[in-house]
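S.K.: Could you have a look at this structure, given as structure tokens, before my questions?
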Amino acid sequence: MGKAPGTITYLGQREGAKSVVNILDYNETTFEHHKPGNLDQIVAHREPPLVSWIDVVGLSDETFIEKVGKRFGLNPLVMEDTVNTQQRPKIDEYEHYIFGVFKMLYLDEDNQLVTEHVALVLMKNCVLVFQELEDDVFNGVRERIRTKSGRIRSRGADYLFFALIDAIVDHYFVVLEHLNEQIELLEDEVYENPTKQEANKIQELKKQVLKVRRWVSPVKELVSRLIETEHPLITKDTKLFLRDVQDHSTEINETIQIYREMTMSLMEMYMSNMSNKMNEVMKVLTIMASIFIPLTFIAGIYGMNFKYMPELEWHYGYYMVWAVMVALFVGMLIFFKKKGWL
Amino acid sequence: MGKAPGTITYLGQREGAKSVVNILDYNETTFEHHKPGNLDQIVAHREPPLVSWIDVVGLSDETFIEKVGKRFGLNPLVMEDTVNTQQRPKIDEYEHYIFGVFKMLYLDEDNQLVTEHVALVLMKNCVLVFQELEDDVFNGVRERIRTKSGRIRSRGADYLFFALIDAIVDHYFVVLEHLNEQIELLEDEVYENPTKQEANKIQELKKQVLKVRRWVSPVKELVSRLIETEHPLITKDTKLFLRDVQDHSTEINETIQIYREMTMSLMEMYMSNMSNKMNEVMKVLTIMASIFIPLTFIAGIYGMNFKYMPELEWHYGYYMVWAVMVALFVGMLIFFKKKGWL
Amino acid sequence: MGKAPGTITYLGQREGAKSVVNILDYNETTFEHHKPGNLDQIVAHREPPLVSWIDVVGLSDETFIEKVGKRFGLNPLVMEDTVNTQQRPKIDEYEHYIFGVFKMLYLDEDNQLVTEHVALVLMKNCVLVFQELEDDVFNGVRERIRTKSGRIRSRGADYLFFALIDAIVDHYFVVLEHLNEQIELLEDEVYENPTKQEANKIQELKKQVLKVRRWVSPVKELVSRLIETEHPLITKDTKLFLRDVQDHSTEINETIQIYREMTMSLMEMYMSNMSNKMNEVMKVLTIMASIFIPLTFIAGIYGMNFKYMPELEWHYGYYMVWAVMVALFVGMLIFFKKKGWL
Amino acid sequence: MGKAPGTITYLGQREGAKSVVNILDYNETTFEHHKPGNLDQIVAHREPPLVSWIDVVGLSDETFIEKVGKRFGLNPLVMEDTVNTQQRPKIDEYEHYIFGVFKMLYLDEDNQLVTEHVALVLMKNCVLVFQELEDDVFNGVRERIRTKSGRIRSRGADYLFFALIDAIVDHYFVVLEHLNEQIELLEDEVYENPTKQEANKIQELKKQVLKVRRWVSPVKELVSRLIETEHPLITKDTKLFLRDVQDHSTEINETIQIYREMTMSLMEMYMSNMSNKMNEVMKVLTIMASIFIPLTFIAGIYGMNFKYMPELEWHYGYYMVWAVMVALFVGMLIFFKKKGWL
Amino acid sequence: MGKAPGTITYLGQREGAKSVVNILDYNETTFEHHKPGNLDQIVAHREPPLVSWIDVVGLSDETFIEKVGKRFGLNPLVMEDTVNTQQRPKIDEYEHYIFGVFKMLYLDEDNQLVTEHVALVLMKNCVLVFQELEDDVFNGVRERIRTKSGRIRSRGADYLFFALIDAIVDHYFVVLEHLNEQIELLEDEVYENPTKQEANKIQELKKQVLKVRRWVSPVKELVSRLIETEHPLITKDTKLFLRDVQDHSTEINETIQIYREMTMSLMEMYMSNMSNKMNEVMKVLTIMASIFIPLTFIAGIYGMNFKYMPELEWHYGYYMVWAVMVALFVGMLIFFKKKGWL
């Protein structure tokens with residue numbers, strides 16, 4: 242608030258850790274893994290002969306991040322967005338580089354949804370990655386580079402850029418699958434025994450779907466922009482692959498839309514089951530009260546103490562009253578049976 | 242997850258079956274049916290003199306599918322989508338071919354909705370079809386080729402390509418008809434006797450409509466793209482026919498939209514009928530209780546054991562109490578009659 | 242299903258009737274009415290000197306329709322749509338003619354909504370009309386031609402084409418008026434006495450509005466296309482009139498939209514009135530039970546048979562109990578009065 | 242229905258009045274007010290040296306209106322829309338004039354919403370106005386011309402045209418303010434004491450908002466069209482002012498949208514308050530019944546006439562029963578207190 | 242109402258205060274703060290050598306504002322919008338200046354939402370600001386100019402223009418955060434104990450979200466227009482920064498959309514909890530009534546005074562009745578336990 246634009250301030254919750262840098266250099270034949278000790282060793286990989294993937298993990302050391310940005314000639318606005326973990330997904334094209342912000346979504350060991358901010362900078366022969374945690378979303382890409390599987394080793398930095406975005410989007414499917422499971426679980430619970438807790442869970446789920454949608458839905462349009470760009474850093478060949486990512490993003494957006502409708506249906510289901518339960522409760526009350534209140538009335542009649550009540554003197558009066566009561570009881574049962582309440 | 246893009250992995254549930262290939266070659270005068278024994282015999286039909294329909298049934302044999310793709314010069318991304326049964330409908334244009342993914346929807350013998358993934362490749366003089374099951378959606382087309390009915394035998398591969406899409410879209414109408422019947426059935430059930438099961442069926446139906454919409458709704462736009470394309474493989478003449486398919490797709494989308502609104506109305510109907518039932522139950526309870534509770538009170542009065550209760554000594558006390566009670570009873574009935582509760 | 246595209250199959254429910262043909266030829270000075278006996282006499286009116294309105298009534302005789310189409314040089318797809326009564330409204334431009342499908346909506350003698358499929362072909366100096374029933378939607382146009390009222394006699398075939406569409410669209414207003422009346426009727430019913438039947442009627446009305454919207458809403462866009470077309474058969478002068486039809490279509494679509502919202506409000510109204518009724522029922526029950534249950538309890542106390550109950554011996558005990566009861570009764574009434582339940 | 246397009250038929254409900262014509266002629270220095278006695282005197286003001294505002298009040302005299310139209314060279318379609326009070330707002334450009342239909346909305350003395358149809362024709366140096374009633378929406382403009390306030394006297398007919406539209410749109414704000422007051426009034430009523438009448442009023446309000454939206458919402462787009470037109474009658478200078486009207490229209494549309502959502506919220510509020518009231522009723526019933534039914538049962542026990550009931554003989558039996566009853570009563574109160582129902 | 246367009250009328254509620262003017266002049270090396278005593282001293286800063294920020298606080302002195310506008314050569318329409326506090330956000334480009342209206346939203350000391358109207362005029366080397374209150378939204382910008390922090394001192398008037406808009410938009414986030422807190426608070430309240438007050442608060446919140454959306458949502462499009470403009474006053478460099486503001490506006494709009502859905506969910510949650518409470522109340526009533534009404538009936542039976550009731554004579558009759566009652570009681574408990582109502 243009130244800070245000058247371009248001020249580099251970390252807004253996330255993973256404070257205090259020193260940034261760790263890993264560099265993978267590769268081409269068709271070579272593969273090197275560097276752990277640079279100082280800034281100069283990092284900057285040496287700017288405009289390298291091999292394709293260079295510079296991975297900066299840990300964003301809370303703002304001074305270090307700022308220095309990296311300056312040495313690579315990046316705009317201060319870019320560096321601001323890099324450490325601003327609240328930044329929504331974006332793609333910005335600059336003359337010498339393309340800057341992208343994305344959200345990694347994945348499940349931790351306790352199956353809790355984790356959101357991680359990641360910034361990618363595609364430069365000539367080099368991709369600069371800023372991320373918060375040393376996690377496994379990009380592990381598949383690292384593995385493919387190391388083992389030379391697929392075509393990644395024989396292609397340029399823009400293919401690496403694509404491969405990273407592809408890995409991020411691929412993980413969205415896992416999260417969607419998880420949401421789907423939760424929806425189906427809740428569906429069963431709501432059908433079996435809807436309580437206040439279920440209503441609460443439905444609302445929680447709704448909010449989670451909204452949250453996922455917020456981070457995930459802009460991706461489709463960003464990738465479209467990458468496909469349509471005329472920036473020289475993105476080759477026509479890579480655009481073919483980006484079309485695939487675009488496809489996936491479309492599907493993800495559609496799926497989230499369906500999940501939203503399903504959570505709404507869940508709430509409807511819940512309300513209708515509540516109504517059902519109420520109906521059942523009311524029926525029990527009505528049947529019990531409707532049968533026994535008239536019978537009690539009859540008993541009350543003959544509990545009166547009038548001096549002259551001829552029936553009381555009848556020898557079979559008591560049994561006749563019983564007969565009337567049983568008849569009433571059976572009549573009521575038939576009535577309720579006919580109404581379908583039994 | 243984490244696999245390189247272009248990796249060919251079958252994701253469906255029809256595992257283990259060997260792929261079976263059928264080839265129909267035809268022109269205005271000739272018609273041949275081949276069952277090729279090996280790959281070379283298949284590839285012989287690439288760029289054939291006659292129009293060739295190569296139908297590959299069974300997608301779980303990834304190595305075979307990959308080989309076919311390579312021999313026909315198809316992009317690995319194409320082959321990935323071919324066996325990815327989760328792939329949403331798409332049309333991708335390449336220099337020498339047009340690739341399309343669609344979903345066949347039809348009802349099996351038990352009237353259950355079946356979704357089948359199908360991939361179509363239009364090449365020069367040849368249409369390559371990859372499908373999961375040897376089913377009857379394309380039977381009509383086969384029959385027309387065999388019996389030379391319609392104009393299919395006198396036209397090129399792009400007309401065949403259209404005819405196959407047309408057959409897929411035509412089957413959507415059957416599925417819609419089936420959904421319509423289910424909606425009308427449920428409407429009657431909900432009107433007659435809404436129970437928890439009906440609410441559940443409505444939600445199931447809603448989900449089915451969502452599912453059908455997901456597979457069916459992209460088709461309209463894909464066909465539009467085929468109509469607007471300048472790809473040389475699609476002739477102007479065939480575009481006229483595609484306009485017809487586009488028309489049908491529009492109608493299908495509108496119909497699904499109407500079904501969605503109808504399922505929503507169903508739920509509303511259900512809720513309003515639940516309310517009605519509750520009202521009826523409450524009325525019975527209220528009438529019974531309102532009539533007999535005051536009467537029981539009167540009986541209670543004269544059941545008291547006070548020494549000095551003059552009424553008890555009256556000779557016609559008992560009959561007077563009865564008179565009062567009957568008057569009250571009748572008064573209550575009139576009151577409820579007036580309220581319209583009887 | 243499975244038929245070749247372009248197959249001419251009648252799908253309506255007005256089977257068996259032979260097609261009847263009426264031809265009106267006219268210009269500023271001449272007016273002739275022909276009832277051609279055979280196909281050749283009909284075809285004679287193709288590219289006529291006068292403006293010719295050829296009206297074919299009855300679509301179930303597919304062979305006859307097909308022959309007419311062939312003789313007038315129409316595309317088989319056009320003829321398929323002509324007899325396909327399920328076809329949604331459309332405008333297709335061909336080199337020598339413009340083909341349109343519309344739905345006539347009108348009320349029969351029993352005030353039931355009737356949908357009739359109509360196909361129009363505008364050719365040079367001639368409009369070919371295919372319709373199912375010999376009805377009165379076009380009667381106004383016929384009358385104006387016969388009596389030379391308005392400007393129709395002094396204009397070309399495209400003006401006739403416009404006049405027919407205008408007549409169809411004009412009738413939509415009658416149907417909308419009818420729907421409006423039904424909505425207002427239901428509004429009163431729902432306000433006065435909402436029962437299960439009313440809920441059902443609301444849902445029926447909703448479905449009717451959806452159905453009307455389906456047939457009527459595409460017209461606006463079709464007319465827009467006619468206005469923007471550069472097809473030589475539509476003169477600039479006639480486009481001015483079509484702008485008027487477009488205006489009406491816009492209004493119709495807006496009105497239907499409003500009706501949809503009104504039917505939704507009706508359902509809401511119904512639900513809120515159900516709630517009200519329930520509240521009223523519950524209040525009666527609560528008042529009766531709350532007043533008499535405590536009084537009965539007091540009576541019960543003094544109905545106990547304990548040997549030592551001093552009150553029973555008091556001379557005015559009975560009257561004191563009555564006093565307490567009356568006090569309680571009045572207190573309860575005041576309590577409920579204060580709550581606003583009486 | 243069935244009339245030829247261009248037939249001039251008055252559709253409003255202000256029948257029978259003779260049309261009254263007022264003419265204001267003005268420029269920077271001159272101001273004249275004419276009350277022409279016959280048609281020729283009116284037509285004399287066509288293409289006048291001064292700016293001329295010809296105001297025709299009363300539309301039911303169709304012959305007179307038609308004559309005016311003819312003498313000013315207006316298209317019959319224009320004249321049809323002029324007297325068609327059902328016509329939705331529109332702007333049509335013709336070669337020599339621009340024709341606009343708008344709806345004046347204002348409140349009469351009883352605060353009832355009045356809709357008045359008005360047609361404006363902008364011609365060279367002259368604005369022709371057709372309106373139903375001699376009302377005060379344009380009074381402000383008249384006043385400004387007479388008193389030479391603002392810049393209206395120094396500008397042309399297109400500025401007058403703008404000023405009239407501006408006056409119409411300005412009055413929409415008054416109507417919106419009125420709707421706002423009604424919504425807030427109903428909000429209080431629904432909060433205080435929701436009855437069936439309130440539900441009805443909400444639905445009435447909803448319909449009124451729909452109605453206002455219908456007449457008001459097209460204005461924005463019409464004004465946009467005036468701004469973008471290249472018609473020579475509208476000067477660039479006036480477009481600057483029209484931009485202001487466009488601004489107001491945007492705001493009006495947004496406000497109506499907000500009102501729609503507020504009326505929906507009102508209904509929700511109503512339903513939730515109904516639920517609350519029901520809950521309160523149920524609680525009273527449950528508390529009364531739950532306390533006194535068990536007590537009555539105990540009294541009933543000792544009202545039994547068994548020969549051998551030891552308690553009845555106990556000297557303090559009666560008092561012990563009272564003790565038990567009081568304990569039960571207090572226990573129940575505590576239970577309900579804990580549940581928060583008291 | 243009825244006033245000529247361009248009439249300068251203050252519509253806000255901060256009447257009577259004299260306008261106070263502050264002027265900041267600065268460039269890279271110089272910084273001056275002026276408090277001009279009269280109009281001439283203000284106008285001296287028009288087209289100044291340094292960048293000049295002229296801040297006019299207090300809009301109710303219409304004559305003064307009008308004079309300022311005239312001296313700076315601003316269009317009367319601009320001045321009208323400047324003092325019209327009802328004016329929605331807008332950007333209007335004129336030949337020599339760009340005019341913008343925005344709404345500042347912030348929280349006062351009592352955490353109440355305050356809306357303040359602000360008008361910005363970007364001229365050559367000078368930004369003219371008209372605002373209602375001397376508040377702190379722009380304090381950060383003032384501070385940065387004074388302390389020469391960030392790049393503001395080294396840039397032109399368009400950067401200042403951007404910085405002011407940026408400060409306004411930045412404050413929207415504070416308001417959103419506040420709304421978020423309120424939503425979460427209400428969520429807890431609704432979950433714990435939903436009463437009529439909670440329903441009311443939800444509706445209030447809904448209206449507040451609507452209000453914020455109304456003022457905030459147009460900003461995105463306005464900033465986009467600034468980015469796309471070719472007006473010479475906005476440099477390409479500043480557009481880069483405006484892109485950032487656009488980003489923030491997009492996020493704000495998305496967040497408000499999410500808040501709207503969350504308030505709707507709140508209402509749903511409320512209704513479902515009301516249903517739950519009702520269910521609980523009904524269960525207590527049903528259980529109490531169903532257990533004790535039959536027992537009371539049995540007691541009533543043996544309270545009858547028939548002469549011949551054999552059971553009454555039995556020695557253990559009383560105890561047998563007790564046994565039957567206890568059995569019934571336990572049976573009922575088991576029944577309700579099984580139903581899950583206990």
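First to last, the sequence lines map onto chains A, B, C, D and E. Mapped onto the working numbering, the consecutive letters of the first sequence carry residue numbers 242 to 583. Mapped onto the working numbering, the consecutive letters of the second sequence carry residue numbers 242 to 583. Mapped onto the working numbering, the consecutive letters of the third sequence carry residue numbers 242 to 583. Mapped onto the working numbering, the consecutive letters of the fourth sequence carry residue numbers 242 to 583. Mapped onto the working numbering, the consecutive letters of the fifth sequence carry residue numbers 242 to 583. Where is the CB? At the ideal position from N, CA and C, for every residue including glycine.
What separation, rounded to the nearest whole angstrom, lies between the Cα atoms of Q423 of chain E and L507 of chain E?
M.R.: 12 Å
S.K.: Just tell me which of B:V562, B:E554, B:M550 has its CA closest to the CA of Y557 of chain C.
M.R.: B:M550
S.K.: Identify which residue in D:K442, D:V431, D:I443, D:L417 has its Cα closest to the Cα of S458 of chain D.
M.R.: From the listed residues D:K442, D:V431, D:I443, D:L417, the smallest Cα separation to S458 of chain D is found for D:L417.
S.K.: Run through chain A and tell me which residues come within less than 7 Å of G541 of chain E, C-beta to C-beta.
M.R.: Residues of chain A whose Cβ lies closer than 7 Å to the Cβ of G541 of chain E are, in chain order, T537, A540, G541, G544.
S.K.: Which residue or residues does DSSP assign as beta-bridge partners of G314 of chain E?
M.R.: None; G314 of chain E has no bridge partner.
S.K.: With DSSP as the reference, label Y413 of chain A as helix, strand or coil.
M.R.: helix
S.K.: Can you give the Cα-Cα distance for F305 of chain A and F371 of chain A, rounded to whole angstroms?
M.R.: Note on geometry: alpha-carbon atoms of F305 of chain A and F371 of chain A lie some 12 Å from one another.
S.K.: Does the distance from the C-beta atom of I406 of chain B to that of V486 of chain B stay below 7 Å?
M.R.: yes
S.K.: M238 of chain B touches chain C at which residues, Cβ-Cβ below 7 Å?
M.R.: A query on residue 238 of chain B cannot be resolved here, the shown segment of chain B reaching from 242 to 583 and no further.
S.K.: For V362 of chain C, count neighbouring Cβ atoms within 10 angstroms of its own Cβ and tell me buried if that reaches 16, exposed if not.
M.R.: buried
S.K.: Buried or exposed for S516 of chain B, please, with buried defined as at least 16 other CB atoms from any protein chain shown within 10 angstroms of its CB.
M.R.: buried
S.K.: Go to T356 of chain E, then tell me how far its beta strand (DSSP E) extends in each direction, as first and last residue.
M.R.: 354-364
S.K.: Based on the DSSP secondary-structure assignment, which residues constitute the bridge partners of L348 of chain B?
M.R.: B:L354
S.K.: Taking DSSP as the reference, what is the three-state secondary structure of D322 of chain B?
M.R.: Here D322 of chain B sits in helix by DSSP.
S.K.: Which two residues bound the contiguous alpha helix (DSSP H) that contains Y511 of chain B?
M.R.: Its alpha helix (DSSP H) spans residues 477-542.
S.K.: Going by beta-carbon coordinates alone, are L463 of chain E and I295 of chain E separated by less than 7 Å?
M.R.: no
S.K.: I need the straight-line Cα distance from L481 of chain A to D429 of chain E, nearest angstrom please.
M.R.: Rounded to the nearest whole angstrom, the CA to CA distance from L481 of chain A to D429 of chain E is 49 Å.
S.K.: Note down, in chain order, every chain A residue with its Cβ under 7 Å from the Cβ of T527 of chain E.
M.R.: V522, V525, L526
S.K.: On a CA-only basis, which of A:Y251, A:H275, A:F403 is nearest L483 of chain A? Give me that one, please.
M.R.: Out of A:Y251, A:H275, A:F403, A:F403 has the C-alpha closest to the C-alpha of L483 of chain A.
S.K.: Kindly indicate which three-state DSSP category V562 of chain E falls into: helix, strand or coil?
M.R.: helix
S.K.: Applying the criterion that 16 or more other CB atoms from any shown protein chain within 10 Å of the CB defines a buried residue, is P290 of chain C buried or exposed?
M.R.: exposed
S.K.: Please confirm whether L574 of chain B has its beta-carbon closer than 7 Å to some beta-carbon of chain A.
M.R.: Cβ-Cβ to chain A under 7 Å: no for L574 of chain B.
S.K.: Can you give the Cα-Cα distance for L467 of chain D and I475 of chain D, rounded to whole angstroms?
M.R.: 8 Å
S.K.: Between the segment 320-335 of chain E and the segment 257-276 of chain E, can you find at least three pairs of beta-carbon atoms closer than 8 Å?
M.R.: Contact fails: fewer than three Cβ-Cβ distances are below 8 Å.
S.K.: Taking all protein chains shown into account, decide if R387 of chain A is buried (16 or more other Cβ within 10 angstroms of its Cβ) or exposed.
M.R.: So R387 of chain A counts as exposed.
S.K.: Let me know the secondary structure DSSP gives G572 of chain D once reduced to three states.
M.R.: helix
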